[in-house]
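First the structure, in the form of structure tokens, and then the observations on it.
Number of protein chains: 2
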Amino acid sequence: MSIVQNITGCFNTTIGSSGISRREYNTILKKSAKALSFIKIMISNNNPLFLLPFEKKDLISLEPLVRKFRHKFNEIIILGTGGSSLGAQAICSLASYKTTRNHKTPKLTFVDNIDSERFESLFKRIDYAKTGFVVISKSGNTLETISQFHLCFNSMEKKIGIKKASKHFVLITQNGKNTLRTIAKYLNILILEHDKDLGGRYSAFSLVGLFPAMLAGLDVYSFRDGAKTTLNEVLKQKNSKNLESFKGAAIAFSLAKYRRKANTVLMPYSDQLISFIPWFRQLWAESLGKGGGGTTPIGSIGTVDQHSQLQLYIDGPDDKFFTLIKVTERKKGKKIRPIVRRNSDLNFLYNRTIDDVMNCQLKVTKSMLIRNKRPVRLLEIAKIDEKGLGSLMMHFILETIIVGNLDKINVFNQPAVESGKKLAKKYLRDI
Amino acid sequence: MSIVQNITGCFNTTIGSSGISRREYNTILKKSAKALSFIKIMISNNNPLFLLPFEKKDLISLEPLVRKFRHKFNEIIILGTGGSSLGAQAICSLASYKTTRNHKTPKLTFVDNIDSERFESLFKRIDYAKTGFVVISKSGNTLETISQFHLCFNSMEKKIGIKKASKHFVLITQNGKNTLRTIAKYLNILILEHDKDLGGRYSAFSLVGLFPAMLAGLDVYSFRDGAKTTLNEVLKQKNSKNLESFKGAAIAFSLAKYRRKANTVLMPYSDQLISFIPWFRQLWAESLGKGGGGTTPIGSIGTVDQHSQLQLYIDGPDDKFFTLIKVTERKKGKKIRPIVRRNSDLNFLYNRTIDDVMNCQLKVTKSMLIRNKRPVRLLEIAKIDEKGLGSLMMHFILETIIVGNLDKINVFNQPAVESGKKLAKKYLRDI
Chain A
68 MSIVQNITGC FNTTIGSSGI SRREYNTILK KSAKALSFIK IMISNNNPLF LLPFEKKDLI
128 SLEPLVRKFR HKFNEIIILG TGGSSLGAQA ICSLASYKTT RNHKTPKLTF VDNIDSERFE
188 SLFKRIDYAK TGFVVISKSG NTLETISQFH LCFNSMEKKI GIKKASKHFV LITQNGKNTL
248 RTIAKYLNIL ILEHDKDLGG RYSAFSLVGL FPAMLAGLDV YSFRDGAKTT LNEVLKQKNS
308 KNLESFKGAA IAFSLAKYRR KANTVLMPYS DQLISFIPWF RQLWAESLGK GGGGTTPIGS
368 IGTVDQHSQL QLYIDGPDDK FFTLIKVTER KKGKKIRPIV RRNSDLNFLY NRTIDDVMNC
428 QLKVTKSMLI RNKRPVRLLE IAKIDEKGLG SLMMHFILET IIVGNLDKIN VFNQPAVESG
488 KKLAKKYLRD I
Chain B
68 MSIVQNITGC FNTTIGSSGI SRREYNTILK KSAKALSFIK IMISNNNPLF LLPFEKKDLI
128 SLEPLVRKFR HKFNEIIILG TGGSSLGAQA ICSLASYKTT RNHKTPKLTF VDNIDSERFE
188 SLFKRIDYAK TGFVVISKSG NTLETISQFH LCFNSMEKKI GIKKASKHFV LITQNGKNTL
248 RTIAKYLNIL ILEHDKDLGG RYSAFSLVGL FPAMLAGLDV YSFRDGAKTT LNEVLKQKNS
308 KNLESFKGAA IAFSLAKYRR KANTVLMPYS DQLISFIPWF RQLWAESLGK GGGGTTPIGS
368 IGTVDQHSQL QLYIDGPDDK FFTLIKVTER KKGKKIRPIV RRNSDLNFLY NRTIDDVMNC
428 QLKVTKSMLI RNKRPVRLLE IAKIDEKGLG SLMMHFILET IIVGNLDKIN VFNQPAVESG
488 KKLAKKYLRD I
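So the sequence lines, in the order shown, correspond to chains A and B. Take our numbering: the final residue in the first sequence is number 498, and no numbers are missing along the way. Take our numbering: the final residue in the second sequence is number 498, and no numbers are missing along the way.
So, in structure tokens, the structure goes:
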């Protein structure tokens, strides 16, 4: 089992009437059987989301390009926003923790906004001859990405000329006519294919998440392997009731439906998951926030937010469901050696590692939430490496799809934002 | 006027019954007169929070130490968590946008967590002889900070010896007996005073926020000046109804009270305010989340979250109050030069700067929220430099205090988290 889950802190037997009853939970869990069929149908229909974890060839074919980019550039800037950026950011953050890091690994910089001050300082800093760009937009029509691309290409062209500049860019977009594709063709920029059937927020396991990860020197095969582990557990089960993703989805859904927990707080106790949070927020919000429904995802970092948000969490409005994430096999680090040896205030530190302190603080938060009758579950994962992260991301993709299925929501569209895109172009014309 | 505010998107005349009526708003705004007296009494009682913006001497006296640290170290690590870190992080992030940056400015690294993986990679990376540490804890008893300090000191001591190591550290803590102070005295580490009457989340204008900012080479006098501008507007008014902070607080409070907007979304359209968001989240959550009340702060980044959260914001549960922040005087950057000149899809880009695109997207979000009957206000600030940020931070401190006053809440304590601190030490002993 890649992920261990403890949901006892969500039941009325533990936290009173703020928690749900076993009966309510079991009813919902039973209903989730439909979602299991739905997922199995998706798989048998070769849905890329669930096919990718079993693939290797597509990544192998990218390797020559990756080698070339890693050799040629000392910095690679990834342009794109939302689903074209957050998955890769979540994965690539692992690279900064690699202690055996190859010094020839280029620095990856994600620019997902269009802030002029950010670009100004970027252009002053970079070494043009040694900087590459990866431009990612599924539609190829995202206004921000088109603007980012132009700004960077204009700047690069001025320094090294149009022909050379084109060799510094790669575009990832879907097939068919679109603005970025037209420009890339015109400039002879290499184009890689974004699967048409894969929405941005579900694209982390495709080249959208993994081309940047390969550039960062990560083991992307292990990352897919982690997702495969989680998926295989689902595939081999006939009954959903023993699957952690189904249990998690049933708890989240029933707490929202029967106990009005309108917010879902995700609080990992690991710095390596800080970039995972915005990815989760998009996945959850954009998939489920429809027709007045859905719950609002809130990111929190343990232990940091014990010193920032805990007062509100335990004594503010009781409208939240908490998910704490614990990493069980961490580099424990050296034991802390108390400096003032006779100081009794430091007794608690003797023979402890910093990892012990982290785990104690997690236990404190869980206890405090339960004492204050706030529903909380604990997810435990062995390790946050490529495999662990792949496993965790697939777990949350499944939870999202299952909750959507329970709530009769199409988790793959985002109807409310589409009209905004037209509005932006209109406003720009009208300035 | 340093901050311009537009609140029309919050009224029922604009967004129907989801908005508040002018009558409700005016009743609350009238009640806020009490908060104006409260603030004026705080000032006449020499409360440091409101005195600091008028001070200079304390910063001048820090300058020799700052010069020494900036000369001696090429990296300075700031240890501490919550209020001991978030204010300084918000301010210091400005340094990364300084295009005229002095290359001798040491790199500032904030470590506000106790993740063993983070420390492991930190210790492999740093140049011990050229690294300084600033340890910040008001109480001097924060478990995380004590652990961080030991880990760093143990490591440093091993490399350069105990006597030399002590010269690489500075501690900021309050007067009186506490664990970190005892250790610092034992090791002859320099101690700077954290004002006893200044809570962590209100300490950004003291040396807690400004010693790191000075190390980063920022103009801290301008930062205080910004706060002074905002405060002076309050001081010279007899009536609260024309003050932006009172108007903002009245809107926030009445939307929470009369329209059940349980969440408050802060969405700046500026990368320079990304680190400002966690500071605001602590200020708001810890000050107001008490006795089952308060609203939950949610950070969002424009335009990034248009591609991540907007679907939920406009089509999910109607339980949020939105604050968009616009920066009016940005470095506009060069005009975007469309590459495929005959492509009509790019017409909207002609003669536009990236800043135009940013502002259009902000306008889109505001329109979409109003169309979908979600309460939204717009705050405009001329510039995010030291002065602008100081002004904005003081604005939100005032809003928080005014809402607390309207809600009869003590905004300066955090009762619910105190018992957790004892629990952590108990758990550590019991492992």
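Heads up, the beta-carbon is just placed ideally off N, CA and C, and yes, glycines get one too.
Looking at the secondary structure, which residues open and close the beta strand (DSSP E) in which residue i lies?
| i | result |
| --- | --- |
| residue 72/B | 70-73 |
| residue 248/A | Premise fails: residue 248/A lies in the alpha helix (DSSP H), 246-253, not in any beta strand (DSSP E). |
| residue 444/B | 443-448 |
| residue 177/A | 174-178 |
| residue 287/B | First-last for residue 287/B: 287-303, but that is the alpha helix (DSSP H), not the beta strand (DSSP E). |
| residue 389/A | 387-394 |
Can you tell me whether DSSP reads residue i as helix, strand or coil?
| i | result |
| --- | --- |
| residue 310/B | coil |
| residue 478/A | coil |
| residue 231/A | helix |
| residue 413/B | helix |
| residue 347/A | helix |
| residue 190/A | helix |
| residue 258/A | strand |
| residue 401/B | coil |
| residue 263/A | coil |
| residue 127/A | helix |
| residue 371/A | helix |
| residue 357/A | coil |
| residue 407/A | coil |
| residue 498/B | coil |
| residue 243/A | coil |
Look at the alpha carbon of residue i and the alpha carbon of residue j, and state the distance between them as a whole number of angstroms.
| i | j | result |
| --- | --- | --- |
| residue 105/B | residue 304/B | 14 Å |
| residue 229/A | residue 255/A | 10 Å |
| residue 220/B | residue 212/B | 12 Å |
| residue 406/B | residue 246/A | 11 Å |
| residue 290/B | residue 283/B | 13 Å |
| residue 436/A | residue 80/B | 41 Å |
| residue 368/A | residue 123/A | 34 Å |
| residue 152/A | residue 316/A | 26 Å |
| residue 121/A | residue 239/A | 21 Å |
| residue 360/A | residue 117/A | 26 Å |
| residue 159/B | residue 279/B | 7 Å |
| residue 173/A | residue 140/B | 26 Å |
| residue 115/B | residue 215/B | 29 Å |
| residue 243/B | residue 250/B | 13 Å |
| residue 374/A | residue 88/B | 37 Å |
| residue 397/B | residue 84/A | 52 Å |
| residue 93/A | residue 330/A | 22 Å |
| residue 194/B | residue 485/B | 37 Å |
Which residue marks the beginning of the alpha helix (DSSP H) containing residue i, and which one marks its end?
| i | result |
| --- | --- |
| residue 424/A | 421-438 |
| residue 240/A | No alpha helix (DSSP H) contains residue 240/A, which is instead part of the beta strand (DSSP E) from 236-240. |
| residue 379/B | 377-382 |
| residue 470/A | 453-473 |
| residue 122/B | Note, residue 122/B: premise wrong, no alpha helix (DSSP H); not H, not E. |
| residue 274/B | 274-282 |
| residue 27/B | This structure leaves residue 27/B out entirely; chain B is present only between 68 and 498. |
Does any residue of chain B have a CB that is nearer than 9 Å to the CB of residue i?
| i | result |
| --- | --- |
| residue 125/A | no |
| residue 353/A | yes |
On the DSSP bridge assignment, give the partners of residue i in chain order.
| i | result |
| --- | --- |
| residue 366/B | 333/B |
| residue 199/A | 143/A |
| residue 101/A | None, per the DSSP bridge assignment. |
| residue 87/B | 78/B |
Examine chain A for any beta-carbon lying closer than 9 Å to the beta-carbon of residue i, and answer yes or no.
| i | result |
| --- | --- |
| residue 474/B | no |
| residue 195/B | no |
| residue 435/B | yes |
| residue 187/B | yes |
| residue 371/B | yes |
| residue 324/B | no |
| residue 441/B | no |
Return yes when at least one heavy atom of the ligand GDP lies under 8 Å from the C-beta of residue i, else no.
| i | result |
| --- | --- |
| residue 289/A | In terms of ligand content, the structure shown is empty, and the ligand GDP therefore cannot be addressed. |
Going along chain D in order, which residues have a C-beta closer than 8 Å to the C-beta of residue i?
| i | result |
| --- | --- |
| residue 338/A | Chain labels in this structure do not include chain D; the protein chains are A and B. |
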